[in-house]
Amino acid sequence: MSTESSEKTATTIESRFGVDDRQLERTLESALARKSDFADLYFELRESTHVGLEEGLVKRANVSISQGVGVRVLVDEKTGYAYSDEITPDALELAATSARTIADGSASDRSVAVRPGIATPDHNLYPVDAKGVSRPLPDRIHLLQEIDKEARKFDSRICNVMANLAIEEKQILVANSEGTHIADNQPLVRVNVSCVAEANGKRETGNAGAGGRFSIGFYLDEPEEAFRLAREAARQAIVNLEAEEAPAGEMKVVLGPGWPGVLLHEAVGHGLEGDFNRKKTSAFADRIGDKVASELCTVVDDGAMERRRGSLNIDDEGTPTGRTTLIEKGRLRGYLQDRLNARLMGVAPTGNGRRESFMHAPLPRMTNTFMLAGEDDPEEILRSVDSGIYAVSFGGGQVDITNGKFVFSAREAYRIEGGKVGAPLKGVTLIGNGPDALTRISRVGGDLALDEGIGVCGKDGQSVPVGVGLPTVRLDGMTVGGTRT
Amino acid sequence: MSGSKAALDTACAALDAARSAGATSADAIVVSQEAHAASVRLGEVESVELSRQKRLGLRCFHGQASAIASTADFSAEGLEAFVRETAAMARVLPEDPDAGLPDPALLEKAAPDLGLSDPEGFHIDGDRAIAIARDCEQAALGVDPRLRNSEGATCSASANTIAYASTGGFQGTYQTTNHSLSVSPIAEEDGSMQGDYWWDSVRIRRNLGDPETIGRIAAARTLRRLGARKLATTRAPVIFEAPVAGSLLGHLAGAICGGSLYRKLSFLQEKLGEVIASPLVQIEDDGRLPGGAASRPFDAEGLPTRSTTIIRDGRLESFLLDTYSGRKLDRPSTGSASRSIGDAPGASPTNFHLANGTTPAADLISGIPRGLLVTSLSGMGVNTITGDYSRGASGLWIEGGEIAYAVEEITIAGNLLDMFQSIDALGDDLRPRSGIAAPSLRISEMTIAGS
């Protein structure tokens with residue numbers, strides 16, 4: 160399967176742009192014409208389609224086709240980068256010439272030999288059958304209409320439903336001055352449902368979504384998977400209609416399993432990316448071996464999980480992905496690395512060199528970041544809290560990696576009183592300090608879940624798909640940003 | 534200018550092909566961009582980036598059904614297939630009774646020159662760009678020995694050509710340039726670090742702030758964060774410094790745009806004509822501000838841009854609409870359509886500025902027994918359908934009308950409608966460098982959550 164798919168990639172990129180092995184070598188040789196350490200080429204072909212329904216009508220049907228090449232030259236800590244959406248011998252030469260302006264002098268030997276023929280990634284985490292990633296437009300519209308019905312059927316207070324199907328088919332090819340010559344096909348699909356509920360002059364929204372690296376056919380063949388999301392979005396909108404003012408101040412917080420793993424992404428994930436630690440601009444710099452979480456916490460980043468949104472067969476520098484232990488039983492164990500930062504820090508790349516597209520140089524980025532399951536019963540964790548909040552669904556978060564302060568915003572949360580889950584609370588921001596927040600984790604449930612596959616992570620203006628995961632955890636003290644004092 | 538003609542020719546050729554492929558009407562947008570950026574960190578060059586790209590966005594109608602596609606493949610066969618498939622897609626889509634191009638009588642006839650382009654300034658020598666970034670970072674790090682590290686300084690520029698044509702009879706092009714400089718120093722004291730930044734961004738290079746001044750402002754913003762403490766949970770007056778006041782205005786701008794109104798996603802849904810803010814508040818959306826960051830001579834449907842009064846003396850006077858949301862709400866477009874290449878037009882703000890007040894910005898803290906000056910906000914805790922607001926904050930604590938110490942790891946919370954209504958003083962420090970901008974402002978009371 161994986162062999163077939165990469166042969167298809169090779170054929171597509173070669174036939175479309177006339178880029179053969181010798182052309183790759185010539186471009187890399189040109190990029191290395193001055194004294195430099197490394198050069199690579201990243202080719203990308205991407206077709207994205209969206210269909211969106213709202214008010215029961217198709218409001219959005221788009222196709223976007225993008226293609227291009229990025230040429231990178233590395234010298235010590237310097238990066239020269241140039242890209243073009245034209246892929247011709249002249250454009251490649253111009254990009255190589257531009258990227259090498261970062262370097263000085265002239266190189267003595269700059270001959271490059273790429274691996275003859277395109278390599279196949281060792282694992283294929285996202286095989287797609289002969290029917291392909293997409294399905295006919297009328298079938299996709301029909302599914303959206305059914306989702307709309309399902310959400311409205313849930314409760315008569317649902318007054319609008321917005322449902323979207325997104326499909327991306329991306330083919331990448333990486334060639335570098337060390338001979339790497341590898342390609343990958345990366346499917347990515349997503350279903351999003353958003354509902355508006357209205358009652359007694361109040362309006363609220365609820366959201367649900369899911370997806371991953373597989374065919375959109377999954378949802379067409381198993382529509383119940385999509386209907387579940389429709390009901391979930393409707394249920395959340397209805398719950399939020401009843402939400403009360405949230406409390407303000409430091410209190411015990413129980414996070415539910417799955418998407419609340421965004422806690423890890425913000426509290427520790429970004430701060431453990433190699434670039435910030437090489438430059439010592441992260442609150443976690445030089446802290447390998449230190450205690451940064453309670454002993455109950457083991458946190459990993461794993462880019463090699465089947466079908467996951469955050470997964471990749473190879474990263475955007477051609478390095479195979481894998482599992483990196485970031486925190487083991489509370490102690491800081493490792494950082495996430497791309498090639499540049501791994502080389503400068505004298506460690507191995509971890510398969511975390513990612514980029515939004517050919518328009519960007521790669522950076523160390525997360526893939527699927529989660530905490531391993533503990534031994535506590537989730538119900539018992541809730542019962543153990545006298546007074547606090549229970550947050551089960553979140554919007555986005557943000558972190559200042561330098562001072563370590565991070566936030567993440569709950570979209571569905573409840574009061575806990577006397578060990579019981581009580582009234583729903585209005586959306587609320589939680590704030591904490593990365594190197595300290597996980598030390599306050601006193602209970603870890605056995606119910607590890609990953610999110611459903613809709614995460615997007617932004618860094619330096621680049622967005623990439625990611626996953627997060629968490630078992631139910633109890634945090635003994637976190638600032639909750641409500642209005643009620 | 535030849536770039537403009539080529540871009541317009543590409544757009545017109547796509548429209549001709551679309552008609553041949555059976556589209557009943559269509560519009561096309563072509564954007565080409567060249568850009569360069571040089572970054573310096575701790576005095577050394579860290580990266581140099583150069584790019585060029587060109588994209589075509591095509592919207593084909595079949596009656597009142599529309600499909601949109603975008604591509605960067607300009608080969609003859611690639612383009613032919615692209616147009617054919619887009620027109621074919623429109624044919625299989627259901628109709629939307631409100632979809633369609635604007636009334637041709639309303640199209641812009643003579644687009645003005647708004648001073649948005651400085652092509653000579655764009656072609657700055659690479660070494661010169663590096664020197665500017667280096668001077669800026671050096672000026673920042675030279676201010677105080679506690680400034681020991683840096684995320685670097687970046688000097689960048691882009692030059693864009695935008696062409697838009699529609700089968701309704703519109704053809705127009707314009708060019709823009711952007712010149713930017715930013716720096717992010719890091720200060721360290723007693724084992725803890727704080728970072729902050731400052732920047733400038735202009736259309737015409739000679740208007741760019743001088744690197745030393747930008748560096749010194751960034752240094753001062755960074756140093757004042759040192760020694761930050763957490764606060765006890767309380768209620769107090771909150772002053773938003775101009776750069777973060779702009780974000781408040783952004784939430785309001787989103788809530789008065791057609792897309793969130795017809796979807797019933799706005800906390801200002803039924804508020805047109807009502808007093809929604811303090812009488813101090815005057816907001817104008819000016820699409821034709823000379824040299825403005827968000828100025829454009831015509832909108833993304835070919836309608837003339839203009840200046841629209843949004844709020845006068847606290848009263849909401851107008852929404853911002855494109856043709857589609859206007860039809861949904863039974864109102865005319867305000868010439869506010871914008872679009873990304875691969876998406877349908879939608880209403881968005883242009884130069885959306887809250888006018889200066891009369892209080893000198895530095896005096897906003899005077900006379901406050903205890904309060905918070907917010908200098909930075911984080912997170913996405915804003916619910917635009919209810920106006921509920923809860924965000925992470927850091928800044929300076931005020932006691933007896935003076936700055937007492939830095940604070941962090943706190944949140945501020947309230948409701949946007951209450952917040953706009955309880956603005957009790959407006960500063961005089963509007964910096965109209967961004968599309969959405971406001972002077973510093975004071976809100977009489979909010980909840981501050983801490984320890």
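So the protein lines, in turn, are chains A and B. Sequential numbering of the first sequence, starting at 160, is according to the numbering used here. Sequential numbering of the second sequence, starting at 534, is according to the numbering used here. Backbone N, C-alpha and C fix where the C-beta goes; we use that ideal spot for every residue, glycine too.
If you draw a straight line from the alpha carbon of residue i to that of residue j, how long is it in whole angstroms?
i, j, result
"W731/B", "D896/B", "22 Å"
"R754/B", "V777/B", "13 Å"
"R585/B", "A690/B", "12 Å"
"L794/B", "E214/A", "13 Å"
"R964/B", "I486/A", "44 Å"
"G510/A", "G481/A", "7 Å"
"L634/A", "E328/A", "40 Å"
"Y494/A", "L584/A", "36 Å"
"A461/A", "F529/A", "Residue 461/A is actually Asp in this sequence, not Ala. Each residue's Cα considered, the two are about 8 Å apart."
"D651/B", "A507/A", "46 Å"
"I816/B", "A971/B", "9 Å"
"R372/A", "T891/B", "56 Å"
"N948/B", "Y922/B", "5 Å"
"A310/A", "Y857/B", "25 Å"
"G469/A", "R514/A", "13 Å"
"N916/B", "I874/B", "28 Å"
"I844/B", "R502/A", "55 Å"
"P406/A", "G640/A", "7 Å"
"A322/A", "I657/B", "47 Å"
"A278/A", "I473/A", "11 Å"
"C593/B", "A643/B", "26 Å"
"I737/B", "G654/B", "7 Å"
If we count the other Cβ atoms within 10 Å of its Cβ and call it buried at 16 or more, is residue i buried or exposed?
i, result
"I936/B", "exposed"
"R274/A", "exposed"
"S984/B", "exposed"
"K167/A", "At K167/A the pLDDT is 49, less than 50, meaning the model places this residue with poor confidence and gives no usable figure here."
"P893/B", "exposed"
"A250/A", "buried"
"S622/A", "exposed"
"S124/A", "Residue 124/A lies beyond the stretch modelled for chain A, which goes from 160 to 644, so this question has no answer here."
Tell me, to the nearest whole angstrom, how far the beta carbon of residue i is from that of residue j; I am working on the premise that it is less than 8 Å.
i, j, result
"G925/B", "G912/B", "5 Å"
"F553/A", "A569/A", "6 Å"
"A396/A", "T364/A", "6 Å"
"D268/A", "R193/A", "With a Cβ gap of about 13 Å, D268/A and R193/A do not count as contacting."
"L471/A", "D497/A", "Contact doesn't hold; Cβ gap of about 13 Å is too wide."
"I809/B", "T638/A", "Their Cβ separation, rounded to whole angstroms, is 30 Å, which puts I809/B and T638/A out of contact at 8 Å."
With DSSP as the reference, please indicate the residues paired to residue i in a beta bridge.
i, result
"Q566/B", "Q586/B and N693/B"
"C688/B", "A571/B and L714/B"
"H209/A", "N221/A and A325/A"
"E403/A", "L584/A"
"A600/B", "C593/B"
"Q226/A", "L204/A"
"M979/B", "A769/B"
"V292/A", "Answer is none; V292/A lacks a bridge partner."
"E935/B", "E932/B"
Report yes if the CB atom of residue i is closer than 8 Å to the CB atom of residue j, and no otherwise.
i, j, result
"V398/A", "G547/A", "no"
"V234/A", "I261/A", "yes"
"S207/A", "K290/A", "no"
"P837/B", "G868/B", "yes"
"V228/A", "F517/A", "yes"
"Y707/B", "I562/B", "no"
"V632/A", "E425/A", "no"
"R490/A", "D535/A", "no"
"A889/B", "D818/B", "Note on residue identity: the sequence assigns Asn, not Ala, to residue 889/B. Contact flag unset, no."
"L905/B", "A769/B", "yes"
"V320/A", "V352/A", "yes"
"P537/A", "G636/A", "no"
"G626/A", "N527/A", "yes"
"G659/B", "V716/B", "no"
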